[in-house]
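*Asks:* The structure is given below, and queries will be raised subsequently.
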Amino acid sequence: MRCRPEQKILFCLSVLALVAASVSLWAADLKPEDLVAKHLDSIGTAQARKDVKSRVVQGGATYRVIVGGSGAIDGKYVFASDGPRSNFLLKINASSYHGEQFICDGNKTSIAATWSDKTHSEFGDFVLSQNIFLKDNLLGGVWSTGWPLLDVQERGPRLHSTGTKKIDGKELLGLRYQPRKSTDLEIVMYFDPQTYRHVMTTYYIEPPRSIEGGELAQSQQMQKRYGVEERFSEFQTVDGLTLPSHYDLRFTLETESGQTKTIEWEVRTLSINNNIPIDARSFQVK
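The number in the working numbering is simply the position in the sequence shown, starting from 1, with 908 added.
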């Protein structure tokens, strides 16, 4: 009995769906160390990864206020890293707000005051209070030569698989990252279950309520909530390494009054250069 063309198409689609589901289920059962190993292989060979000592990523950046305001301004992005040292710059030419700059010399960190009155933005203040973003070279993902998953043994984080989670209609593999140094941040890295590329990291924190006023007062008290999301896409190969060329960084603050503010930085790379000399002064903490 011959199958009609539409039956063949339906059969092929069913097989592909079954294979994809099987791959996702198998990937969800991976131990953290196996997931990390496959992730590293998705970047490049061990030798190719080892050969890179420094990196400079440059691109165009667009700053947007998504919730709590409106508008968009174009600017530039530069991310220089040399081992654990990093200089993360998002710059725009606006009348009062000039962007963000985060520096780590491998130990100490520095956050630039980027408002015209020499104060930090809300995002800058948050990174300042949670310097694990910079000390563990989390910000910027695999663009950083200090990306902690490149050397888990040296960094010593605790890693826990969280299974799969559907985000924007796509199943992703989750890996909870707990730094060696204690932090209130809940950090979860997400990976594509087919390629094992790192495509997202979320950071959330909810400061504890005040204990003053008893249980009734606590139940009525609003809390500040902070969230940061990094998303990576449009991967390309540079010097034998597969790296993203599109980056989206979002910061959300929910205030005690119930107001929400969300800002976004969208970056599209113009160049990714490995092993170029970087002036040591670029990593000086001020």
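Beta carbons are placed, not taken as given, at the ideal position from N, Cα and C, and that holds for glycine.
#1: Distance check for I1011 and N995, CA to CA, integer angstroms please.
#2: Report the rounded CA-to-CA distance for R1063 versus W1055, giving the unit in angstroms.
#3: Note down the Cα distance separating E1162 from G1135, rounded to an integer number of angstroms.
#4: For T1072 versus G991, is the C-beta spacing smaller than 8 Å?
#5: Would you mind sorting T1145 into buried or exposed? The rule is 16 or more other CB atoms within 10 Å of its CB.
#6: Given T953, which residues of its chain have a CB within under 8 Å of its CB, disregarding the five upstream and five downstream residues?
#7: Measure the Cβ-Cβ separation of V944 and I1186 and say whether it is below 8 Å.
#8: Check whether the Cβ atoms of Q966 and L1151 sit closer than 8 Å, and answer yes or no.
#9: Could you have a look at R1088 and say whether DSSP puts it in helix, strand or coil?
#10: Keeping to the same chain, check which residues put their C-beta closer than 6 Å to that of G1082; ignore five residues upstream and five downstream.
#11: W1055 by DSSP, collapsed to three states: which one?
#12: The beta strand (DSSP E) spanning S994 covers which residue range?
#13: State buried or exposed for S989, treating a residue as buried only when at least 16 other CB atoms are found within 10 Å of its CB.
#14: Just the Cα atoms here: how many angstroms apart are P1101 and E1094?
#15: Which two residues bound the contiguous alpha helix (DSSP H) that contains G1032?
#16: Determine the closest residue to F1143 out of W1051, I981, T1109, with distance taken between C-alpha atoms.
#17: Going by C-alpha distance, which of S950, G1048, L1080 is nearest R1176?
#18: Please classify T1168: is it buried, with 16 or more other beta-carbons within 10 angstroms of its beta-carbon, or exposed?
#19: Using three-state DSSP, classify P1065 as helix, strand or coil.
#20: Taking 8 Å as the threshold, find out whether the stretch 994 to 1008 comes into contact with the stretch 968 to 984 through three or more Cβ pairs.
#21: Look at D1013 and V1193 and say whether their C-beta atoms are less than 8 Å apart.
*Replies:* Quick answer:
#1: Roughly 5 Å between the two C-alpha positions.
#2: 10 Å
#3: 9 Å
#4: no
#5: With fewer than 16 Cβ atoms within 10 Å of its Cβ, T1145 is classed as exposed.
#6: Taken in chain order, the residues that qualify are G1148.
#7: no
#8: Not in contact: Q966 and L1151 (Cβ atoms no closer than 8 Å).
#9: coil
#10: T1070, K1073, V1096, Y1098
#11: coil
#12: 993 to 1000
#13: buried
#14: P1101 and E1094 have their alpha carbons spaced roughly 22 Å apart.
#15: 1030 to 1037
#16: W1051
#17: By alpha-carbon distance to R1176, the top candidate from S950, G1048, L1080 is G1048.
#18: exposed
#19: coil
#20: yes
#21: yes
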